[in-house]
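Q: Residue numbers (the numbering used here): 294 to 628.
1. Quick check on this structure: which residue in 409, 548, 595, 535 has the alpha carbon closest to the alpha carbon of residue 523?
2. What's the C-alpha gap between residue 539 and residue 597?
3. Taking the beta strand (DSSP E) that residue 429 belongs to, which residues open and close that run?
4. In angstroms, rounded to a whole number, what distance separates the CA positions of residue 460 and residue 385?
5. At what residues does the beta strand (DSSP E) containing residue 565 begin and finish?
6. Tell whether a beta-carbon distance below 8 Å holds between residue 377 and residue 488.
7. Excluding the 5 residues preceding and the 5 following residue 594 in the sequence, name in chain order all residues of the same chain whose CB lies nearer than 7 Å to its CB.
8. Measuring CB to CB, does residue 582 end up less than 8 Å from residue 421?
9. Can you say whether residue 555 is buried or exposed, counting buried as having 16 or more other CB atoms within 10 angstroms of its CB?
10. For residue 339, count neighbouring C-beta atoms within 10 Å of its own C-beta (all shown protein chains included) and say buried if the count is 16 or more, exposed if not.
11. In its own chain, which residues sit with a C-beta less than 6 Å from the C-beta of residue 610, not counting the 5 before and 5 after it?
12. Could you tell me if residue 624 is buried or exposed, where buried requires 16 or more neighbouring beta carbons within 10 angstroms of its beta carbon?
13. Should residue 602 be labelled buried (16 or more other beta-carbon atoms within 10 Å of its own) or exposed?
14. On a Cα-Cα basis, can you pick out the residue from 531, 428, 379 that is closest to residue 471?
15. Note down the Cα distance separating residue 477 from residue 365, rounded to an integer number of angstroms.
16. State the DSSP-derived secondary structure class of residue 402, mapped to helix, strand or coil.
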């Protein structure tokens, strides 16, 4: 009888210990589960999905934007997705509409948007701020040797692409024509993208095209593989006149060897820049700005060599820097 009571007591103690272990294990499991859920939740909150508006596939914005987007994604708490677009002016409108957060644009287009001029006449955009300027965007007047066009004046009566409607290239084309005493009525203007322009030149449906983009430009390179192309020069006095009348222009050169041309060609340039919406988080913009300017060695595109913290402040004009970008440049002693 005593042996039976001892056995029963042992069984009860064993059962009691199993209950305690089960309760403890359940608590530990529940705690672990909660921690995993919290970690997952925090990770998803930290990594934001953002869109970077670039340009057409034949320009410079698109391939360079892909590399910049990767640098920012790899070094910040954001997933940056580059998107094709109609470039500068369209990008500003898309940012205004809240359909993207970052964009490439020209410094002159940013100035027009801020001031409510040109394509933004009476409808200024005040929700955009700068990350910084990037590289010169060269005004390239492209044609072929067979066209016989050797100067801007030779465009009179010719079919000329002046850029997509509302694009920065269109405004540049009109201003170049203006200082040469010409207007759109003196030519046969065609509103074409970069790819459409070079396709048109090759097909013989147009004679020349204004293309504003960093050199070498993909669409023009593709054309030069098929045709002997000419970049029409802008005379020194006309370059000076453009700079005097429109301060965002600067002297530029398309170097010999680019597109297989034999000699340097004088022209003008504006600057490409990155802009963001005002409401983007300050710390995130700081991280993106730092990531870009501290990792330019990862950029293989030819324009990567121009992207430096020191030159990022050039040509921005009256457009304010986003506080996150300003914080980075202040740390570098540049503001």
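Just so you know, even glycine gets a beta-carbon here, dropped at the ideal spot from N, CA and C.
A: Looking at the atomic coordinates:
1. Closest by alpha carbon: 548.
2. Residue 539 and residue 597 have their C-alpha atoms roughly 26 Å apart.
3. Counting along the chain, the beta strand (DSSP E) containing residue 429 begins and ends at 421-437.
4. Computed Cα separation, rounded: 11 Å.
5. It spans 558-570 - the beta strand (DSSP E) in which residue 565 sits, taken as one unbroken run.
6. No, the Cβ-Cβ distance between residue 377 and residue 488 is not below 8 Å.
7. Counting only Cβ-Cβ distances below 7 Å, and skipping sequence neighbours, we find 356, 357, 360.
8. It is not a contact, given that the beta carbons lie outside the stated cut-off.
9. Burial call: exposed.
10. Burial check for residue 339: the Cβ neighbour count within 10 Å stays below 16, so the residue is exposed.
11. Counting only residues of its own chain and dropping the five nearest sequence neighbours on each side, residue 610 has a CB closer than 6 Å to the CB of 404.
12. Residue burial is scored here from C-beta neighbours: residue 624 has fewer than 16 other C-beta atoms within 10 angstroms and is therefore classed as exposed.
13. Looking at its Cβ environment, which holds 16 or more other Cβ atoms inside 10 Å, residue 602 is buried.
14. The option with the nearest alpha carbon to residue 471 is 531.
15. When rounded, the distance between both Cα atoms is 41 Å.
16. It is helical.
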